[in-house]
Every structure is written in structure tokens, then in C-alpha cells.
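Here's the structure we're looking at; comments come further down.
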Amino acid sequence: MKHQILRNAIKASAFATLAAWASVAGAESGAPPAHGIAMYGTPALPLDFVSLPQVNPDAPKGGRIVFGESGSFDSMNPFILKGRAPAGLSAHTVETLLGRNYDEAFTLYGLLAESVTTDAARTYVEFTLREAARFSDGSPVTVEDVMWSFETLGTKGNPRYAGAWAKIGAMEQTGPRSVKFTFNVQDRELPLILGLRPILKKAQWEGKAFDDSTLDIPIGSGPYVVDSFEAGKYVSYRKNPDWWGADLPFNRGQHNFDEVRYDYFGDGGVVFEAFKGGLITSWRETNPAKWDSNYDWPDIASGAVVKSVIPHKRPSGIEGFVMNTRRPLFQDWRVREALIQAFNFELVNQTLNGSANPRIQSYYGNSPLGFTPGTPAQGDTLALLEPFRDQLLPGAIEGYAVPVGDGTESNRKNIRSATALLEEAGWTVQNGVLVGKDGQPFTFSILLVNGANDMISAADIYVESLKRLGIEAKVQTVDSAQYKERTNAYDFDMTHFIRSLSLSPGNEQMLYWGSAGVTEPGTRNWMGMNSPAAEAMINAMLNAKDQDGFISATQALDRILTTGRYVVPMWYSEVSRLAHRKELKYPERLPLYGDWLGFQPDVWWYEQ
């Protein structure tokens, strides 16, 4: 029932007739520039909207919010692969041409840009900057800054920017405040993707290497500026009293705090203790068992700290232990399925979560974008998969469901299934040790971050389960800097993997699952998958003409990802659990992406 409600919500914001859709098309179709753009249909908010519907437009201004982070940071450039930047640097200090309304599936409205123009086929996009747009130093945001930012990010920035840059065939200034990007491929999402690119000040970087890690603070146009920081210890963002965008309808009711601060601690356990001690003012709890049992200190009893549960409607995403298929050990799908069978989810979930969290069934589960486990592909989804039938793994077309254990420590049925799969793949048990045809034992390590206590506990239980198969696995923990370096280089056998997915997947999916990530460092394709079928489904998503076509393509991709058996799936939460000081408030209205309210501090405020 809830999936149908969400499907209707998506369609309500996404569907429109061709005539209505053309009302936001570009100059080549005779339409004027628009104040916003939707992936499908037209923007829900009119030109004269006064605020986003999910904010409190009259939220008080002032106060502070303090977060805690584990690990450290050593760079103030969040746009490159090198170094680790502090939390919030880009989000709080740098703006984009367009901003996203989280009460619609995927719709953007003017931010730095006052208008956006495209044609019916979306072969180009043109942005016109607001005359009032200013960087924090008071200088105007210019077309030159936009063009430099796009090219620099696309050629020297994090690899996540390169894909969209490669699809731009031409970039030209078309007016004093207008810039046009013409595309060299068909990709209906590109106008929106480009609208979300951060815009930096070109003059700041003259004579400097953009791709080198630095502690120089980037000049942005956002609501906050870096007030002070100490590398690895803390960063404090102060509201810019001269922020040019304070009176924009899009920003009304947002960015309400005078100060947003992030303090860094050794690990998650220390951060929680800092919250209990009052050093930080908000804490996100991911463990439902702890939520029910560990919140009993005096500030909770007195009401000084309150517990808020915020539901959401987004897909489950994927979280679990990912297998690096660049390693020969994990290249056979039967081995990967055996390792999924051996993971005693029911025992782990009971031990860590009191069985409160549901298991992830597919990457886009908990939403209409996901396929129904155990059912065969049908209709347009089947038609999209059919040309790749010979390449797809068992279950993609005929149906697949994540294995269910019996809840006992021995988990005999699943262990028997895993043993049979390993034997099919050429592995046999000799003297209690699983060995391959070459006589080498099956052994690997699970790489985790120091202080990731729940994951370490889950891995420890998993290691014990694997012993029943004759597999020797070891847990290896490293600090956050080493972890980032090793995962960027794919230097691991298995590790903790989490990818949050939205109701509007698009170009980022190629960064997650595209074949370039097999060898290119720094992508999110940690499993090293190389699937022409998956890339074809992503292209079908990007070029779907309507929401039904988009859903069919995403369901097809979901089948390919899930039956690829790259990740030992764990659990997801249907709510955000936030404990915070009672002075921190948030709006009552729940937007389509309800969990957005849980991602502080955009729409929160301080109230005595």
C-alpha cells in the first residue's frame, strides 16, 4: 500500500502532457526561460512562490548547532580526490546555479541563476545569472566564474564531475549574464545535473594548482563562511551577514543558525559520549536497539534533550559488505552467492538491532523503483533485459530473493546451500580448510574503520559463520585517512559499503556502477562491476520519455545490481532517529523526501 502511495506521489509531481512539458522547453521551441526545471513534467511551484512548502518561512534566526564527526580532515578543498575536507564545507559555503526542492521527485529552481532554458529534446541548457549574485568577498558571480568552474571541476576535480563534463560539446557565453552548454550525447538529465554544479571564484585560483590539497578556504557565495578551523579538530561556519541570497524565496526559512560547527573525535563511540556530555547538540542514532536502551541520562529525563523520529519515503539503498571483484577470489558469482548465504543476517540483526531493522531486499527496495523479490521480469522491464539475457546472472529475469536464514547460530540450511555453490565453483574442504583447485586456501580480510563498532561486531559474527565453510576471514581496522586512501585505490578484499539512493537516480549511477570504475581510482564502483547490461539500463533511465519508462528502466537496473551479488546486504531504516537539544526545532510538514528534515541543519532553527 505504501509503495502505491509513493508511486502516486512521484507521478503527481512528474507527469504532465506534452503541451504542459513544452511550457518549460527552450527558446528553440518558442518557450521563454523558466524559473525552474523538472526531470519530468513541469515544476510544481509557480514563478511567484514565496518559499518551499516544507520549510517554516517564519523560522527564527540565530543560535548555533554543533555536530560531531569521527576521524579528522586535512584539506579545505572538497572538490578533488586528494585529502579529506571537513563536513559541510561545500554545502554551507558554496552555491549552485539551481537548488533542489525535496518535496518533488526531481525539480530544481533558480538559485544563482534566475532562469533556465532548454529545448524539448534537451540538447542544450542555458542559464542566466542573477544580477545580485555575489561571492562572500562582495565580488559578482560572473559567467566567467561559471565556465571556469565547470571546466576545472570536469578536468581536475573529483572524478564524479568528469562524466557530465565529457558530455558537453560546446560551452559559450550568450549574454552579459548568460551561458549555454550544448551536449554531444542524448541525456535528458544533463540540464539538471549541470544546474547542481558548485560555482567557485576563478580569480582565487589563479596561479594555484586546483587539484592539490590545500588549507586555503574556497571563496563561495553560500549562506556561510568559514569563521575558524583547526585541521583535524574542528571547523566553524558563521552566517554571512551580507549574504546576497538571504531574501530569495527559495532560501526563505532555510539556513537559520548563526553558527554551524563540526567537532572531530576519534570514533563514533567518543562522539556519542561528547553528545551526552553536552559538547555537541545533535546526534543521529543508527542503531534501534541503542535508541531504545541507551538514552537514559539526566538530560533525557529532564527534557533538555529530546528524541525525534522522522519517517522517509526514499529507497532502501544498499548497505553491507562489498566484495571486490577485481580480486580473483570473488569473480565467480557462485562464490559471491555462497558468501551471501553464509551471512547470518537474522542472528546479526537480533544481536545488534534487536531484530528491529528490515533487511535490504534490493538496491531500490522500499520504493516503486525496486523490483518485487522472487518475481519474474515482465512488460517493459523484461523487454529492456531481453537483449542481455545471455549476459545476465541467474535470477535477473526469472526472479531472485535474498536468502533467509533460520535464525539459529548454526544456520544449517544456508550453510549447506553455500557449500554446494562453492563445490560447483571448484572449492572443496580438506582437513577443515576450504581450498581451490590450486590447493590454496580461501582466505580474505574485511577492511573497516577504527571505531565502527557495529560493523566490527557484524563482521566478527560473519567471520565465525564463515568458519563453518572452512573459510578464514580476518577483520582489519585502520584510521579514517588510511581507509579513504585504500578504498579510493580499491585496495581491499571486502569492506563496509553504503550507497544511499534517491527517487530520481540518474547520471551518478554510472559513477556508482560504470565500467570505468574498474580501473579509474576514486569512483564509487567499489565492487569493480563491469556490466554492459547495467550501463544500458542507466542510459535507458536517462533517456526515458516518461515516468513509466523511467520506472521500468530502474527496476531493470535493480535486478542486475541485486543478482550481481556484489554486496552481502544488511539492513535499512524506515526512519531517521535524531536526539538533539530541545532548543533545536524543525518544521511539522513532511515533504516527499521526508528524511530531508533529518539532514540538518538546512530547515532547522534555534528557539529558546
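Under this note's numbering, think of the first position of the sequence shown as 24, with each following residue one higher.
Backbone N, C-alpha and C fix where the C-beta goes; we use that ideal spot for every residue, glycine too.
Computed from a predicted model, the values in this text were never measured in an experiment.
Among Gln623, Leu601 and Trp627, whose alpha-carbon lies nearest the alpha-carbon of Phe295? Considering only Gln623, Leu601 and Trp627, the residue with the shortest C-alpha distance to Phe295 is Leu601.
Would Lys460 be called buried (16 or more neighbouring beta carbons within 10 Å of its own) or exposed? Per the 10 Å Cβ criterion, exposed.
For Arg87, report the span of its beta strand (DSSP E) as first-last. Counted as a single uninterrupted DSSP element, the beta strand (DSSP E) harbouring Arg87 occupies residues Arg87 to Ser93.
Pick helix, strand or coil for Lys497, following the three-state DSSP scheme. It is a strand residue.
Name, in chain order, the residues that DSSP records as bridge partners for Asp286. Gly91 and Tyr257.
Same chain, Cβ closer than 8 Å to Met99, five either side skipped, listed in chain order: Excluding sequence neighbours, Met99 sits near Ala108, Pro109, Leu112, Thr237, Leu238, Asp239, Ile240, Pro241, Val249 and Phe252.
Do you know whose CA, among Gly91, Glu212, Gln505 and Ile323, lies nearest Thr130's CA? Taking only the C-alpha atoms, the option nearest Thr130 is Glu212.
Could you tell me whether the Cβ atoms of Asn310 and Asn372 are closer together than 8 Å? Against a cut-off of 8 Å, the Cβ pair of Asn372 and Asn310 comes out as no contact.
For the putative contact between Met550 and Val590, defined by C-beta atoms under 8 Å, what is the C-beta separation to the nearest angstrom? Their Cβ separation, rounded to whole angstroms, is 7 Å, which keeps Met550 and Val590 in contact under 8 Å.
Take the Cβ of Pro614 as the centre, count every other Cβ of all protein chains shown within 10 Å, and call the residue buried at 16 or more, exposed below. Pro614 comes out buried.
Using only alpha-carbon positions, find the residue among Leu120, Arg439, Thr146 and Ala128 that is nearest to Glu137. A check of alpha carbon separations from Glu137 across Leu120, Arg439, Thr146 and Ala128 identifies Leu120 as the nearest.
Do Leu526 and Ser433 have their C-beta atoms closer together than 8 Å? Against a cut-off of 8 Å, the Cβ pair of Ser433 and Leu526 comes out as no contact.
Neighbour-count burial assignment, Arg439, 16 or more Cβ in a 10 Å radius: Classified as exposed, Arg439 has fewer than 16 neighbouring CB atoms from the shown chains inside 10 Å of its CB.
Is Ile155 near Trp267, with beta carbons less than 8 Å apart? The residue you asked about is not Ile; residue 155 is Ala in the sequence shown. If you check the CB distance, Ala155 and Trp267 come in under 8 Å.
CB-CB length for Tyr257 against Glu282, believed under 8 Å: The distance from the Cβ of Tyr257 to that of Glu282 is about 12 Å, inconsistent with a contact at the 8 Å cut-off.
Are there 16 or more other CB atoms within 10 angstroms of the CB of Val425, so buried, or fewer, so exposed? So Val425 counts as buried.
Residue nearest to His519 in terms of C-alpha spacing, selected from Tyr506, Ala512 and Gly529: Of the candidates Tyr506, Ala512 and Gly529, the one whose C-alpha sits nearest the C-alpha of His519 is Tyr506.
Which whole-angstrom value is the C-beta distance of Gly289 and Met533, which I expect to be below 8 Å? Between Gly289 and Met533 the beta-carbon gap is near 36 Å, outside 8 Å, which marks them as no contact.
Contact belief for Ser503 with Gly94 at Cβ below 8 Å, rounded distance in angstroms: Confirmed, about 3 Å.
Residues in the same chain with beta-carbon distance under 6 Å from Ile484, minus the five sequence neighbours each way, listed in chain order, please. Answer for Ile484: Val371, listed in chain order.
I want to know whether the region 146-154 touches the region 188-207 - three or more CB-CB distances under 8 Å. Verdict: yes, contact present.
Who pairs with Tyr595 in a beta bridge, going by DSSP? Under DSSP, no beta-bridge partner is assigned to Tyr595.
From Tyr287, Pro399, Gly428 and Tyr616, residue whose alpha carbon lies closest to that of Asn367: Proximity to Asn367 across Tyr287, Pro399, Gly428 and Tyr616 peaks at Gly428, based on C-alpha coordinates.
Going by CA-CA distance only, name the one from Gln463, Phe102 and Ala61 that's closest to Asp126. Measuring from the Cα of Asp126, the nearest candidate turns out to be Ala61.
Exposure of Lys336, with buried meaning 16 or more beta-carbon neighbours within 10 Å: So Lys336 counts as buried.
Residues near Tyr285 in its chain [Cβ-Cβ closer than 7 Å; skip 5 each side]: Hits under 7 Å: Phe90, Glu92, Pro109, Ala110, Gly111, Tyr257 and Val258.
Measuring CA to CA, which of Asp355, Tyr386 and Asp569 is closest to Pro417? Among Asp355, Tyr386 and Asp569, the Cα nearest to that of Pro417 is on Asp355.
Going by DSSP, name the residue or residues bridged to Ser331. According to DSSP, Ser331 bridges with Leu601.
Can you tell me which of Glu508, Ala482 and Asn511 puts its alpha carbon nearest to the alpha carbon of Lys497? Nearest in C-alpha terms to Lys497, of all of Glu508, Ala482 and Asn511, is Ala482.
Own chain partners of Gly218 with C-beta closer than 8 Å, once the 5 adjacent residues on each side are dropped: Closer than 8 Å at Cβ, skipping near neighbours: Ile60, Thr119, Leu120, Leu121, Leu131, Ala136, Val139, Val148 and Phe150.
So, at 7 Å on beta carbons, what are the nonlocal neighbours of Glu630 in its own chain, with the 5 sequence-adjacent residues on each side left out? Apart from sequence neighbours up to five positions away, the residues of its chain that approach Glu630 with a beta-carbon distance below 7 Å are Pro83, Glu606 and Lys608, ordered along the chain.
Who does Ile574 pair with in a DSSP beta bridge? Ile574 is not bridged to any residue.
Tell me, please, which residues DSSP counts as bridged to Leu206. In the sequence as displayed, the identity of residue 206 is Phe instead of Leu. Residue pairing for Phe206: DSSP places it in a beta bridge opposite Ile191.
Outcome for Ile521 when other beta-carbon atoms lying within 10 angstroms are tallied against a minimum of 16: So Ile521 counts as exposed.
Per DSSP, Gly422 is paired with what? In the DSSP output, where bridge partners are listed per residue, Gly422 has none listed.
Taking all protein chains shown into account, do 16 or more other C-beta atoms lie within 10 angstroms of the C-beta of Trp320, making it buried, or fewer, making it exposed? By the 10 Å Cβ count, Trp320 comes out exposed.
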